[in-house]
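Using the UniProt record's numbering, read the sequence shown as starting at 1 and increasing by one per residue. From the three backbone atoms N, C-alpha and C, an ideal C-beta is built for every residue, glycine too. Reviewing the structure listed below.
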Amino acid sequence: MNWLGLSMFGISVRLLTLASSVLLHLLGFMIDLTRKAHIKTIATQGTFNTYNWVTRYIVLYGDHPSNWKPYFQQGSNWTFFGNVNSSGVVSHDLHHPILARYLRIIPVAWNPQGTIGLRVGLYGCYYDSEIVYFDGDDAISYQFRSKKVRSTEDIIGFNFKTMEHEGILMYAAGSQGDYISVELQQAQLVLSISLGETTMKLGSLLDDQHWHQFRLDRYRKYVNFSLDGEILQFRLNGEFEQLDLDTEIFFGGVRNYEKQRLVYRPNFRGCMENIAYNLVYITNLGHVGYFCRDNLLFPFTFAGVNNFLQIPGYPRRNMLAISFSFRTWDVVGLLMYTSFADDLGWLEMVLSDGQVNVTIAQPKAQTKTKKLEFAAGYRLNDGFWHSVSLIVRESSAVITIDDQNDASFRVDRDIQLRTGSQYFFGGCPKPALRTGCLSNQTAFHGCMQMVSVDRQPIELDMVRQHRLGKYFEVYFNVCGITDRCTPNMCEHGSRCIQSWDDFTCICDLTGYMGETCHTREPEGATVYKESCEAYRIRGKVSGNYTIDPDGSGPLKPFTVYCDMREDRAWTIVRHNRHWLTKVAGYSPERPFLGTVDYWNASWGEVSALANASEYCEQQIEFHSGMPLSFWMGRNEERHYYWGGSPPGLGRCACGMEKSCANPLFYCNCDAEHLMRADKGLLNFVDHLPVTQVVVSDTNRTGSEAQFYVGPLRCYGDRNSWNTVSFIRGAALLFPTFKVNFSLDISFFFKTSAPTGTFLENMGPMNFIRMELNTSQDLVFAYNIGNGDENLTVHSEMPFNDNEWHEVKAEINVKVARLQVDWFPWVMRAAPPQSFIHLNLTKPLYVGSAEYNLHPFLGCLRGLHMNGVTLNLEGKANETEGVLVNCTGHCQNPLVPCQNHGICWEHYSHYTCNCTVSAFEGPFCNHDIGAYFEQGMWVRYNILTTPLSVVQEFANIVNQPLQPLPGYNVTGEEVGLNFRTTSAPAVLLYVSTFFQDFMAILIREDGTLQLRYHLGSFPFSLTLSTRSVADGQPHRINITRVNRTLYTQLDYYPLMINQFSVFVDSKLDSPKALYLGRFMETGMIDPEIQKYNTPGFVGCISGVKFNSIVPLKTIFRSTGNNPITPYTINGKLVESNCASMPSTYIKVPPELDPWYIDPVDFLYIHDDGWVAVIIGVIFFLLLLLAAALLLMYLHHHRYKGSYHTNEPKAIQDYNSGGSSSGGGSTRGSGSAEPAVLPAAKSVASRKDQNLPQILEESKTE
């Protein structure tokens, strides 16, 4: 193969004049590859070092320079995006290859600051073309080597082109009733296989006389059916896997229909190329040519808004003859218009509602009627070629459709006729008065060919060269029609209706809505429910119902049996393995595949049911031994565990219960125990349903296995609450998301983090990403083939308010949209002829972007993608920072928020919101209070007089206003701390605009009293039996709900009291709250009035009346309220002298800002040889030191002398005689001669008996 490289062909037009550029724009330029090539990529580049480049262009191809076909990209768009500068290379990988010799490139738009400049590179290879031409009367027969062929695997391929829309391309049959056929029906390719009576269709408008590439790959029941790059994968319906064919296979038609027991159908008329059947190349066996007999008809295309073709005619004739062929999808369009000579009127031919309407208008002076109108044909806008012939004479008019006599319509009427000089096809040029084309009909969009005027064929080549007539926005030698409903992008069985440049989906009676019928209708309007549970809630009884578990997903609804119970509904799906299946004679190399075919549903549809269910179970049972067996579950995964065992253990129920026949095995069947079986329930939802049971090793003598699979039984719904919490940067990985023609995503989230990525799925170029970009902006970013796009929902209120928010997003070929909560949809229309192309190759990341970048911290719930619920809880891993559910730290906080503080989650910690509390601090446990001197008071306005009037007026007209802050007509919640030694006093007083009031008093004896006046009757309650004016702090909490009163003083038990039925349950229109003393006018209860003087002296703190916290408002004012709601008499000083002694709260170290970790001393623990050697050396040194010490002590054991001062004789220095008394002196072992002293002093006598130690001299 010879590859075609970049810059194989190049052209630069920087020296062309503007006229030449226009000509090149209209005609384009042609590339002759000299032989047929297989082209897969087209690359373009501008002219070097200029401002000349093409921004958009059209690609045409064909085998003949006079017969072209436009290349349509996915989405039926024939316009390629070009360059944005002169140096960059832009390449397009074609979704199906071009098989042609000639290419023609037509520039559509270019750089406005330059002109057309283009260098083109083609990537592909040449290939040998072996062609067989069929004239419709013959066929090729390939004889099999044996009389019968039994196959479980087939590979068939060929290329074809034709102008017919009916014909048999391939056929083979067997005596057992098996057959396989490929044929054209209504210009579509239809594949029929007897296995399960399966019929599939692909393609459209295949009668375009251009090459189309077909390939079929079958392995047992699995089939890949492809045409021009579009692949249809399906599974055969039948029980059998082998195709039994007899004798021969036909290509191009069938010989002897009676022998083949086949109803007559026309043979194929056209060309086939490179026919291959199971690696046998049929075209190599003979009947081969190298050219195809093309019948060139030179079509042209009207493809603009103001397109027209103006053809001159022979004027002033008394007969008008017009004929042409056309094909279109449009319902309305002007086919032809001409004006008569001598102002005799005009003739107009219009396509309207699939009919050809002809109108002949003449002046009233000439005829009795102004207009002659008639119509012919039916559904002529079906995309096929239709011929039209109109002949008008002075006495009649005849129109014929498709050359059928029975389709002719004749009108006999006198017509003053003189033909005009100009005929306009497809539309009228502007301005109308100058051109003489006065029709106001919409321009025609479609193709025409074989145009004749006055029975003379039009030389279109002369028109194209501007030598004859005029035209605008017309492409010659090409028919640019395409079928926008094939493939059908309308989902869920809806109908597709198309025009020349768009399509519309009719969603009636489908239960879905939207541009492509992708979105489920509201719950009350949907046709099929998602589960049996939805039917049970609506009061249905047990029976067969149709469900749609994947909602907006591509799967079809299917019928199940619903077993309705009192507390739940069981969804039951049966299959073909409900009887015992015997297996014998299969080896590990050729195992038995026990396929489980569910009734009315595919594996994917049953898997969607299991995925959406809270619980599923399926019985499985085995008899006899076969160590080499397993079962297949969802996503074609193998599983080696059996009923009664958890996943991954490879055991049976007896292995879990330790009751197997042979204790050395975990299953009875492993021990080949003939009398005992393995049975139990498979209930791990993510592995169900069972799709296949694979059995092998039964080819031994007497070896046999038997198995049974029960129906799938499910209940519950895990779609709505499948919740996880991300407490640190982590991601859940799911398989790559597969997108069909539409994509929808929905989920709930709540967070306090300002940013984070919810999900991301990447590919080489395409991607989808949803993220919280800022605290007020939620972004849906994507690239579906048209470049990077994004949708943003902006909110004035932040999204990170720790509340649940709902997100919905959708992309289809028409529009992309995004919605958050009840905000309006943010929408962006897709470019015309778009196609959803998401080549995603990496895993789906949930909770962060790839590599854990830009992580989301918060909760995600109910994530659905194309109707499929992603099992977030099944992927949660606490060690990685992903927790199941969204309870967080506030469910069981280390230190609870106190005094009405609200716990706020932050996913790595929590905080206490003290906004509605009268306290502050990290846990709302530090109260805010003040010291009241005698005569001091505080007034807090609850409801002003104007608002009270409005309130009363609203009550009169029975439209009460919503309760205002601090205003609750049926109950109060009051709390405060106080410390005092004075009595009597008023602690708190709430006044109203009527006679109602509420007061907390200290009476003369120091006891605490609560007084109410609701309606016409007062109520009083003594709260304490001993004096509270004892100088100690006290706490009082009061809650009233209608006529039930709850009170608690200090740490005493809670007291509950009931008001009398004569006491009203409403505190009407509270006006002001007073602390320390009240200053009201009007009628005051005299019992309270006597306690109001001289006023309260002491401390008050932690005051709360419903949502009003007056002291906190005074001392912790934020300054946001321009109106001060309080009044202070005297100098109010903040003090916490009324604080209650609270119980000790042990603060965890991680929440204590003053906590210091204890210092751990460095300790090196080393168990290596170094430590042993050091220990030995240290021991030897100790021994050496001990030896030296012993030697030293031994050497000095007799050193030193001990002397006693015993009486000695007085020595006579003058005589040399010896002593006369006995006595001796011991010292150093030597004796000295004794002498008698002559005299002794007193001191000598005193010390004579004291011992004395004499140290050794230095010389010793």
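- Message: Taking the alpha carbon of I131 as the reference point, which residue from N1092, A276, A43 and R215 has its own alpha carbon closest?
- Response: Scanning N1092, A276, A43 and R215 for the CA closest to the CA of I131 turns up A276.
- Query: Does DSSP put N611 in a helix, in a strand, or in coil?
  - Reply: If DSSP states are grouped into helix, strand and coil, N611 belongs with the helices.
- Query: Run through DSSP, which three-state label would G62 get?
  - Reply: Here G62 sits in strand by DSSP.
- Best match in H926, N1092 and T869 for proximity to A985 [C-alpha to C-alpha]: Among H926, N1092 and T869, the Cα nearest to that of A985 is on N1092.
- Where do the ends of the beta strand (DSSP E) carrying T546 lie? Per DSSP, T546 belongs to the beta strand (DSSP E) from G543 to I547.
- Message: For a minimum of 4 consecutive residues, which ranges assigned as the alpha helix (DSSP H) are wholly contained in the region 1040 to 1126?
- Response: Runs found: 1086 to 1089 and 1110 to 1115.
- Enumerate, from N- to C-terminal direction, the unbroken alpha helix (DSSP H) stretches of 4 or more residues contained entirely within the region 183 to 207. Runs found: none.
- Task: Just confirm the distance between the C-beta atoms of residue 1276 and C447, as a whole number of angstroms; I'd bet it's less than 8 Å.
- Result: The structure shown does not extend to residue 1276, since the chain spans only 1 to 1260, so no value can be given for it.
- Does DSSP put L840 in a helix, in a strand, or in coil? Taken through DSSP and simplified to helix, strand or coil, L840 comes out as coil.
- Of all the beta strand (DSSP E) runs that stay within the bounds of the region 609 to 696, which reach a length of 3 or more residues? The qualifying runs are 615 to 623, 629 to 632, 677 to 682 and 692 to 695.
- Query: For the region 46 to 54 against the region 124 to 140, are there 3 or more C-beta pairs whose distance is under 8 Å?
  - Reply: No: fewer than three Cβ pairs fall under 8 Å.
- Task: Can you tell me the Cβ-Cβ gap for N913 and I902, rounded? I've got them flagged as a contact below 8 Å.
- Result: Between I902 and N913 the Cβ distance is about 4 Å, and since that is below 8 Å, they are a contact.
- For Q45, which beta-bridge partners are listed by DSSP? Looking at the DSSP output, Q45 bridges to R119.
- Where N773 and L628 are concerned, what is the direct C-alpha to C-alpha distance, given to the nearest angstrom? Rounded to whole angstroms, N773 and L628 show a C-alpha spacing of 53 Å.
- Query: Rounded to a whole number of angstroms, what is the C-alpha to C-alpha distance between G167 and E239?
  - Reply: Taking the straight line from one Cα to the other gives about 30 Å.
- Task: State the Cα-Cα distance for the pair G304 and E473, rounded to the nearest angstrom.
- Result: Using only the alpha carbons, I get a separation of about 5 Å.
- Task: With Y535 as the anchor, note down where its alpha helix (DSSP H) starts and where it stops.
- Result: Counting along the chain, the alpha helix (DSSP H) containing Y535 begins and ends at C532 to I537.
- Item | Stretch pair the region 699 to 711 + the region 723 to 741: three plus CB contacts closer than 8 Å | No: fewer than three Cβ pairs fall under 8 Å.
- Message: Quick check: the region 841 to 858 against the region 753 to 767, are at least 3 beta-carbon pairs closer than 8 Å?
- Response: Short answer: they touch.
- Query: For D343, does the three-state DSSP call read helix, strand or coil?
  - Reply: The answer is helix: DSSP assigns D343 an H, G or I state.
- Message: Which same chain residues end up closer than 8 Å to P764 when comparing Cβ atoms and leaving out the 5 residues on each side of it in sequence?
- Response: So the list reads N839 and T841, once near-sequence residues are dropped.
- How would you label A1186, buried or exposed, when you count the other beta carbons within 10 angstroms and need 16 or more for buried? Taking every protein chain shown into account, the CB of A1186 has fewer than 16 other CB atoms within 10 angstroms, so this residue is exposed.
- Inter-residue CB distance, S408 and V392 (contact presumed, cutoff 8 Å): Between S408 and V392, the beta carbon gap of about 14 Å keeps them out of contact (Cβ cut-off 8 Å).
- Message: Relative to the C-alpha of F747, which candidate in G655, F799 and R861 has its C-alpha closest?
- Response: The residue with the shortest Cα to Cα distance from F747 is R861.
- Message: For Q176 and D244, which I take to be in contact (beta-carbon distance under 8 Å), what is that distance rounded to the nearest angstrom?
- Response: With a contact defined as Cβ atoms closer than 8 Å, Q176 and D244 qualify at about 5 Å.
- Exposed or buried, A954, counting other C-beta atoms within 10 Å across all chains shown (16 or more means buried)? Annotation note: pLDDT 49 at A954 (below 50); position unreliable, no value reported.
- Helix, strand or coil for D567 per DSSP? Of the three classes helix, strand and coil, the one that applies to D567 here is coil, per DSSP.
- Item | Per-residue DSSP class, three states only, for T482 | Of the three classes helix, strand and coil, the one that applies to T482 here is coil, per DSSP.
- With 16 other Cβ atoms within 10 Å as the buried cut-off, status of I311: So I311 counts as buried.
- Task: Closer than 6 Å by C-beta to C271: which residues in its own chain qualify, once you throw out the five before and the five after it? Chain order, please.
- Result: Here the set comprises I131, Y133, K161 and C292.
- CB-CB under 8 Å to L344, same chain, minus the five flanking residues each way: which ones, in chain order? If we look at L344 and ignore the five residues flanking it on each side, its Cβ neighbours are Q362, P363, Q366, Q416, L417 and R418.
- Output the distance between the C-alpha atoms of L232 and P457, rounded to the nearest integer angstrom. Cα to Cα, the separation comes out at about 43 Å.
- Query: Based on Cα-Cα distance, which residue from Q776, V815 and W804 lies nearest to E789?
  - Reply: The residue among Q776, V815 and W804 with its C-alpha nearest the C-alpha of E789 is V815.
- Task: List the endpoints of the continuous beta strand (DSSP E) containing L872.
- Result: Not the beta strand (DSSP E): L872 falls in the alpha helix (DSSP H), residues L872 to K875.
- Query: Going by alpha carbons, who is nearest to S91 out of Q185, T980, Y715 and G121?
  - Reply: The shortest Cα separation from S91 among Q185, T980, Y715 and G121 belongs to G121.
- Message: Quick check on G648: buried or exposed, where buried means 16 or more other Cβ atoms within 10 Å of its Cβ?
- Response: So G648 counts as exposed.
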